[in-house]
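Undergrad: In order, the protein sequence lines correspond to chains Z and C.
Here the UniProt record's numbering is used: the first residue of the first sequence is 1, the next is one more, and so on.
Here the UniProt record's numbering is used: the first residue of the second sequence is 1, the next is one more, and so on.
Even for Gly, the Cβ is constructed at its ideal location relative to N, Cα and C.
Quick one: structure below, then a few questions.
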Amino acid sequence: MSDVVEKTLTALPALLALDSQPGAAKLSSTSKLGHLIRSITELSSKHEEEKLISKELAAIKDQISSPNTTMRQMRELMVRAMYCEMLGYEADFVYIHAIKLAQQGTVLEKRVGYLAVSLFLNESHELLLLLVNTVLKDLQSTNLIEVCMALTVVSQMFPKDMIPAILPLVEEKLSHPKEIIRRKAVLALYKFYLIAPNQVQHIHGKFRKALCDKDPGVMTSSLLIYQQLIKESPASYKDLTGSFVTILRQVVGGKLPLDFNFHSVPAPWLQIQLLRILSLLGREDQSTSELMYEVLDESLRRAEMNHNITYAILYECVKAIYTIHPKADLLEKAARCIGNFVLSPKINLKYLGLKALTYVVQHDANLALQHQMTIIECLDHSDLIIKRETLELLFRITNAQNVTVIVDKMLGFLKLCNDDYTIIDLVGKVADLAEKYAPDNEWFIQTMNVVFSLGGDLMQPDIPNNFLRLLAEGSDNEEDDKHLKLYAVDSYLTVLKGDCSRLPQRFLQVVSWVLGEYSCLKEDEDQREVISLLNKLLEQRGVSSETRSWVLSALTKLCVGPGCADLALELADSLSSSLDTVLRQQAHELRLLSQDSQLHARVLPRPAPLDNLEVDSSLSFLDGFVSDALAAGAAPYKPPHQRHEENQQRALSLEPYGLSLPVSLSSCTLTDRQSPTLFSVSSGLSGNSTEPTHRTGANTLMLEGVKRVWGKEGYLPQKEPSGTQVSVEEPSDVVQSPHQQGTAETLTTQPETEPEPEPAQLDQEKQQLASSLFVGLGSQNSMSLLGKTEAAAPRFRRKGRHHESASSSSSSGASEMSSNSSHSSHHTADSFLYGGLLEEEPATPIQSLYHTLKSTTANGSLDSRQHSRPASGMGENEGRDIVSVKEDKQSNSSQILGSDMVIVRPSKMAEEAVVPPQNSSRPLPSTSSHSSDYMILQLPSELQGLPHSDIVKMTSDSHLSVSCCRVFREDALLLVFLLSNPTETALRDIAVELSCKELETASLKGNVIECLDGRNSSVCRYTLLMQRPHTQVVFTGFVTYQTQPGHTHTLPFSGNLSTADFIRPLVLSTEEYGKLWLSFSNDVKKNLPLLTNTGDSLLATLNALKDSLQLHIVDIIGSEGIVACRLLSGAPCLMHCRVNDASLAVWMRSPLSSLSDCVLYHCQRVLEEL
Amino acid sequence: MQFMLLFSRQGKLRLQKWYVPLSDKEKKKITRELVQTVLARKPKMCSFLEWRDLKIVYKRYASLYFCCAIEDQDNELITLEIIHRYVELLDKYFGSVGVFLLFTLLEMFQINHSYTIMPINVKPVFSLVFLQVCELDIIFNFEKAYFILDEFLLGGEAQETSKKNVLKAIEQADLLQEDAKVSANCFLCVPIPRFM
């Protein structure tokens, strides 16, 4: 330090001299900017600052628009304007001048101009279009600095549509003699790749050249592109592994020029980039991983200096080692590394250590055990961030035995925390853990109470919904169920007796639903007390009208019997003048129901029936009403897409309407009394309220003969009242987990099995905490990279949520099996009927493109309800709808029962899954060839009529094999998973979980199958909707099943989907096409190759496109053709093609410009592959 | 990287660079929230923050806070070093009186860090130090600070990690500047004290 002080002291005089002698800063402070800055610092209030700046801006505006201002003055003004903008004052009048400056100035002024543009405007700003010409000019300039500036601005922001204009110039720069230009060109292309991947597709070869560039800077930049490419499809870049390894070895070995060193570490940024790429390549791939073991080892060894930068590299190394195929000695070294991080006194390193541990514990829970004391210290750390990360770690190692302690810690943190994002996240996690591992009812209810009161109205709506569903469905043990419900009722009565003015609305809603539904279970208590408590709640201020309607529904259920009639009438009177129509309606229902106890018993039977409520989804009982209305002159109903098209024809709306629920929700009687889940959809319209309406109106509507087909089981089909089923979850208070070491022992008596680091030095309390936190860890884990097997059976039967923890838990390969490479080799023999999952296969024509559709989804049934309004006109179609809904349900439940079908179902569908039908519309040539050892897989026959892909094997193990088929329904993509059990033993509790972050996924039916007998197969479906076009999306998922109770196996899978899977033909006439074309404005243009080997090349090309992409060829006139398609039933995309010599000039128009891009991208791929 | 912010201890924004397209309103909101959060943190605390769905990496140099937002899977430590490299670049370019010397002075004279806005009548040396040297270069030459940043980081990615090359690129462009002679390098050649 002393020589530092000395040097500083020598510097001091010079510093002091600054006062009198103008230095750089002094000089600029005499300038106008300096003056401005000075005067700002002298101000004392915000108000004065505002005044000063607005004066300044007025002056700038005045001067900048004067014609006499020189470019040089302009530059100075621009700097001042930038300063004002930075202070937060808008100066949008200078934007156009910034562009002008970039355009007309000399190099110096240009530089400021470009800077101003990049600061002022963002990618989507319309003024940016004016910059294109300038950039174009500068890219062609002979002045290197101008080229550099243009490339810099291009890689920061550029209008996506204009990329083709400058692309050739940027490409050309890849072979520029100056490395700085090459580097910037690569970065510009990286940017283009990010915003419009299809535009730069053809230059992938040049990326390789950049990777081999002799300048390390250029090479480093090209790695960015490769990282992105490899992330999207690792399989296609495996061949580069060797090169990346070599580069990393050279870098680590210090072969780069010295000025790439950073604190004497060679090119750390480059190293980290390479490590990331390697981990992407080596994931789930043993042979590739083997190539990199050595260099990873060397990286670990070399990075030994005690500096942040080496730790950054180490961290990345550790992550890579745990991501790729495991190797024991590397894992050991990595674990030691993590230990150093965690034990480091430096707080930043500790944080990273915890983060790494969180990543790693799922593979190896022993590591958490080794560091338990540190973890406990971190739990009490003064820095909330450290605490938060520790909780994240604990969340990952929670099991049935330590859940109470961990949840307690989480709730404690929640009470301190005031950040919305953290609260939402943590509350979700607590609810998840409580549901999965709750040791007993009391604890569960109490924990959920805390969750509701802390999470308040911020939390995800599915938490209360799941909770209520769980209460309603209960477990197999009725005694236990009753106990749970009673406990809930008791605890809520206590809550209501206290001060409930502060409680969140969601909590009150849950409370009132539970009380309304279950307070009758409490025989000893007078219902009147409950009623009066609820009544009090109703009168309370600050209760939202949505909550009021929940409370009122509860009251409606409770107000039965003579004693309550008065109260009910009073209530109904007071509310019948309410401004809220829903409340008014409910009050009316209350009045009617309380007077007629018979009706009440029929509408709201008690105890609530467990069998399914069946709803006539076709609303056929409304037919009379509809025909009356039509007769009275009402306009016939039009389905949404028709309305949408009409709107477009009038050219009023250029944007497509998104999927939306029918406006008239009040007429929708689908809401099931038992299902609180629908409330999130129909907020303000509680399901309880709609049901009585429908029933009270039943005097005139014919409800009697209506079959109930849609009910609770629609979304939870595993609840089958079959007595044969062995209860997997032990419904006693203590969770049995035979797989785990200490079965069914309470926390305190749990013997310690894990190693204790020097127990003498640790204080008692922490040890106790440790033993309760880490109990149940050390035994079951091995170095399994396929994720920790879920040993403890969750207490509550909600398989659906398993997935959440697993998928959110890591971006690692743990839950993701890259099946790409494997199944492509399996199936090369199969002819992919509709562009294989990998899109490697040449597409062959599909036979029927224009297929009448049956809707079976939830959406579909909504649609069908809408259809039913114009009554008989569409009778046939609806009929089929209903049938298919029924079939869905029935086939599903029958499959659950498997071959021993005890319940007679009137549907032929049931057999289908077991006995493949002979009359499949198309022979599936080779499904049997690769499936000789298991069943012949067939789609359910109601789907066989739809265009669909081949059945592709996704993944399998010795017990279960999973295949997948894509069915192209008009309004959605249906992923049908065929599960088959080649063994003789039955599998239980099979759950299929699918996730994809770009798509909307919905499990159509039965993603949980209770039992799959040996030599049997079953089907489960997911509907996928694509709202915004993506060229490629990856979906991941896994199947969990149990071979015997307690032995859960997980089978991960993943696959790719492209826009092509979501494109559907749009059938319209040439005239309609013309109108539609004019209503869109944004074009995308591109030249595509033309198929020239046949006679009519245009027709051949278009047919090829049509066959592989489901386009509709509207018309072909001479050398021009028009083609239309759309994204599912959403946005249309129009294509206009013209033959130009040997190429096809294509214009695309769509309200979604990204859709045009995607379609064009796929067209190009199709034609290039042919 | 999603964005980078530089602000003073008083919460005044000194430089902002956004690598994701956001509206002005959002930018202002984010800036306001982040400045508050970061300023409220104690010196010994972790340099990383979880904020919304992003990770914030920040570091204080003298009276300036450098603050970057990255995504969850990014490496926090390397981001910290990106900040450090940027400070080094600024330092080298502006001739080293800036950030580090000030820091030394503060250490030497044990001046209370919580000393706020410069009162005009404080002793000249300190007023000079407080108002000017620390942030002075960046305040008065903020456009140059941007140029350096653009040479170093492009589109949110470290573009050129060789210090020499970054400065070479900047200086080449600067040579065209008429007033290059009186650029920042004029008065001191103090070796940079190492604090890291």
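(1) Determine contact between the region 1084 to 1091 of chain Z and the region 1121 to 1136 of chain Z, defined as no fewer than three beta-carbon pairs at a distance below 8 Å.
(2) Using DSSP with H/G/I as helix, E/B as strand and the rest coil, what is residue 1032 of chain Z?
(3) For residue 1080 of chain Z versus residue 1151 of chain Z, is the C-beta distance shorter than 8 Å?
(4) Quick one: using the 10 Å Cβ neighbour count with 16 as the cut-off for buried, is residue 797 of chain Z buried or exposed?
(5) Starting from residue 961 of chain Z and walking both ways along the beta strand (DSSP E), at which residues does that stretch end?
(6) Quick one, which of Z/1110, Z/428 and Z/552 has its alpha-carbon nearest residue 407 of chain Z's?
(7) Would you say residue 109 of chain Z lies against chain C (beta-carbon separation less than 8 Å)?
(8) Chain Z beta carbons: is any one of them nearer than 8 Å to that of residue 1 of chain C?
(9) Taking C-alpha atoms, which residue in C/150, C/81, C/87 and C/88 lies nearest to residue 111 of chain Z?
(10) Residue 986 of chain Z to residue 569 of chain Z, Cα distance in whole Å?
(11) Residues in the same chain with beta-carbon distance under 7 Å from residue 1043 of chain Z, minus the five sequence neighbours each way, listed in chain order, please.
(12) Given a limit of 8 Å on CB to CB distance, which residues of the region 475 to 493 of chain Z reach chain C?
(13) How many angstroms separate the CA atom of residue 572 of chain Z from the CA atom of residue 993 of chain Z?
(14) Is there at least one Cβ from chain Z nearer than 8 Å to residue 170 of chain C's Cβ?
(15) Near residue 933 of chain Z, what residues of its chain come up, given a Cβ to Cβ distance below 6 Å and the 5 sequence neighbours on each side ignored?
(16) Step through the CB atoms of chain Z and report whether any lies within less than 8 Å of the CB of residue 116 of chain C.
(17) Which of the three DSSP states is assigned to residue 1178 of chain Z in this structure?
(18) Tell me which residue opens and which closes the beta strand (DSSP E) that residue 1086 of chain Z is part of.
(19) Looking at C-beta atoms only, is the number of pairs between the region 50 to 68 of chain C and the region 3 to 14 of chain C that lie closer than 8 Å three or more?
(20) Going residue by residue through the region 49 to 89 of chain C, where are the continuous beta strand (DSSP E) segments of at least 3 residues, counting only ones entirely within it?
(21) What number of angstroms, rounded off, separates the C-alpha of residue 1068 of chain Z from the C-alpha of residue 1121 of chain Z?
(22) Does the count of Cβ pairs from the region 103 to 117 of chain Z and the region 143 to 159 of chain Z closer than 8 Å reach three?
(23) If you measure from the beta carbon of residue 183 of chain Z to each beta carbon in chain C, is any gap under 8 Å?
(24) Hey, would you say residue 1129 of chain Z sits closer than 8 Å to residue 1010 of chain Z, going by beta carbons?
(25) Assuming residue 1155 of chain Z and residue 1111 of chain Z make a contact with CB atoms under 8 Å, what is their CB distance in whole Å?
(26) Could you name the residues of the same chain whose beta carbon sits closer than 6 Å to that of residue 295 of chain Z, not counting the 5 residues immediately before and after it, in chain order?
(27) Tell me, please, whether the CB atom of residue 86 of chain Z is closer than 8 Å to any CB atom in chain C?
(28) Where does residue 325 of chain Z sit, in a helix, a strand or coil, going by DSSP?
(29) What's the C-alpha gap between residue 36 of chain Z and residue 141 of chain C?
(30) Is residue 949 of chain Z helix, strand or coil when you go by DSSP?
(31) Where are the beta strand (DSSP E) runs, 3 residues long or more, that stay fully inside the region 433 to 462 of chain Z, in chain order?
(32) Whose CA, out of Z/54, Z/978, Z/1013 and Z/995, lies closest to the CA of residue 1019 of chain Z?
(33) Taking DSSP as the reference, what is the three-state secondary structure of residue 365 of chain Z?
(34) Would you kindly report the start and end of the unbroken beta strand (DSSP E) that includes residue 1050 of chain Z?
(35) Does any residue of chain Z have a CB that is nearer than 8 Å to the CB of residue 272 of chain C?
TA: To lay it out plainly:
(1) no
(2) The count along the first sequence starts at 1 and reaches residue 1032 of chain Z at position 1032. Looking at residue 1032 of chain Z - three-state DSSP - the assignment turns out to be strand.
(3) By 1-based counting over the first sequence, the position of residue 1080 of chain Z is 1080. By 1-based counting over the first sequence, the position of residue 1151 of chain Z is 1151. Yes, the pair counts as a contact, with Cβ atoms nearer than the cut-off.
(4) Taking the first sequence and counting its residues from 1, one reaches residue 797 of chain Z at position 797. Residue placement at residue 797 of chain Z cannot be trusted, given a pLDDT of 44 that sits under 50; what the coordinates show is reported in the next sentence. Counting Cβ neighbours within 10 Å, residue 797 of chain Z comes out buried, since at least 16 surround it.
(5) Residue numbering aside, residue 961 of chain Z sits at position 961 when the first sequence is read from its first letter. 961 to 969 is the extent of the beta strand (DSSP E) around residue 961 of chain Z.
(6) On the first sequence, position 407 is the one that residue 407 of chain Z refers to. Ranking the options by Cα distance to residue 407 of chain Z, first place goes to Z/428.
(7) The residue labelled residue 109 of chain Z in the question sits at position 109 within the first sequence. No, because no Cβ of chain C sits closer than 8 Å to the Cβ of residue 109 of chain Z.
(8) Taking the second sequence and counting its residues from 1, one reaches residue 1 of chain C at position 1. So, not an interface residue.
(9) Indexing the first sequence from 1 puts residue 111 of chain Z at position 111. Taking only the C-alpha atoms, the option nearest residue 111 of chain Z is C/150.
(10) Residue numbering aside, residue 986 of chain Z sits at position 986 when the first sequence is read from its first letter. Residue numbering aside, residue 569 of chain Z sits at position 569 when the first sequence is read from its first letter. So the alpha carbons of these two residues sit roughly 57 Å apart.
(11) By 1-based counting over the first sequence, the position of residue 1043 of chain Z is 1043. Here the set comprises 959, 985, 987 and 1049.
(12) none
(13) By 1-based counting over the first sequence, the position of residue 572 of chain Z is 572. By 1-based counting over the first sequence, the position of residue 993 of chain Z is 993. So the alpha carbons of these two residues sit roughly 46 Å apart.
(14) Taking the first residue of the second sequence as position 1, residue 170 of chain C is located at position 170. Chain Z, which has no Cβ nearer than 8 Å to the Cβ of residue 170 of chain C, makes this no.
(15) For this step, residue 933 of chain Z is matched to residue 933 along the first sequence. Caution applies to residue 933 of chain Z, whose pLDDT of 43 falls short of 50 and renders its modelled position unreliable; the value that the coordinates give is listed next. Hits under 6 Å: 982.
(16) As a first step, residue 116 of chain C is located in the second sequence; it is residue number 116 there, counting from the start. With a pLDDT of 35 at residue 116 of chain C, under the threshold of 50, the modelled position of that residue is not reliable, and no figure is offered here.
(17) Residue 1178 of chain Z is absent from the structure shown; chain Z starts at 1 and stops at 1170.
(18) Taking the first sequence and counting its residues from 1, one reaches residue 1086 of chain Z at position 1086. Start and end: 1083 to 1089.
(19) yes
(20) 54 to 61 and 64 to 70
(21) Taking the first sequence and counting its residues from 1, the one referred to as residue 1068 of chain Z is at position 1068. Taking the first sequence and counting its residues from 1, the one referred to as residue 1121 of chain Z is at position 1121. Near 14 Å, if we compare the C-alpha coordinates of residue 1121 of chain Z and residue 1068 of chain Z.
(22) yes
(23) Working through the first sequence from its first residue, we reach residue 183 of chain Z at position 183. Closer than 8 Å to some Cβ of chain C, the Cβ of residue 183 of chain Z qualifies, so yes.
(24) Translated into positions along the first sequence, residue 1129 of chain Z becomes position 1129. Translated into positions along the first sequence, residue 1010 of chain Z becomes position 1010. No, the pair does not count as a contact, with Cβ atoms beyond the cut-off.
(25) For the purposes of this step, residue 1155 of chain Z is taken as the residue at position 1155 of the first sequence. For the purposes of this step, residue 1111 of chain Z is taken as the residue at position 1111 of the first sequence. That belief does not hold up - the Cβ atoms of residue 1155 of chain Z and residue 1111 of chain Z are roughly 13 Å apart, past 8 Å.
(26) The residue you call residue 295 of chain Z lines up with position 295 of the first sequence. Within the same chain, residue 295 of chain Z has close Cβ partners 245, 248 and 249.
(27) If you number the first sequence from 1, residue 86 of chain Z lands on position 86. Judged by the 8 Å Cβ criterion, residue 86 of chain Z is in contact with chain C.
(28) In the first sequence, residue 325 of chain Z corresponds to position 325, counting from 1. Residue 325 of chain Z: coil per DSSP, three-state reduction.
(29) Here residue 36 of chain Z is taken as the residue at index 36 of the first sequence, counted from 1. Here residue 141 of chain C is taken as the residue at index 141 of the second sequence, counted from 1. The alpha-carbon atoms of residue 36 of chain Z and residue 141 of chain C are separated by roughly 13 Å.
(30) For this step, residue 949 of chain Z is matched to residue 949 along the first sequence. Residue state, collapsed to three classes: coil.
(31) none
(32) Position 1019 of the first sequence, counted from the start, is the residue given in the question as residue 1019 of chain Z. With distances taken between Cα atoms, residue 1019 of chain Z lies closest to Z/978.
(33) Counting from one through the first sequence, the residue named residue 365 of chain Z turns up at place 365. Coil, per DSSP.
(34) Taking the first sequence and counting its residues from 1, the one referred to as residue 1050 of chain Z is at position 1050. 1048 to 1058 is the extent of the beta strand (DSSP E) around residue 1050 of chain Z.
(35) Residue 272 of chain C cannot be examined here, being either before or after the span of chain C that is shown, 1 to 196.
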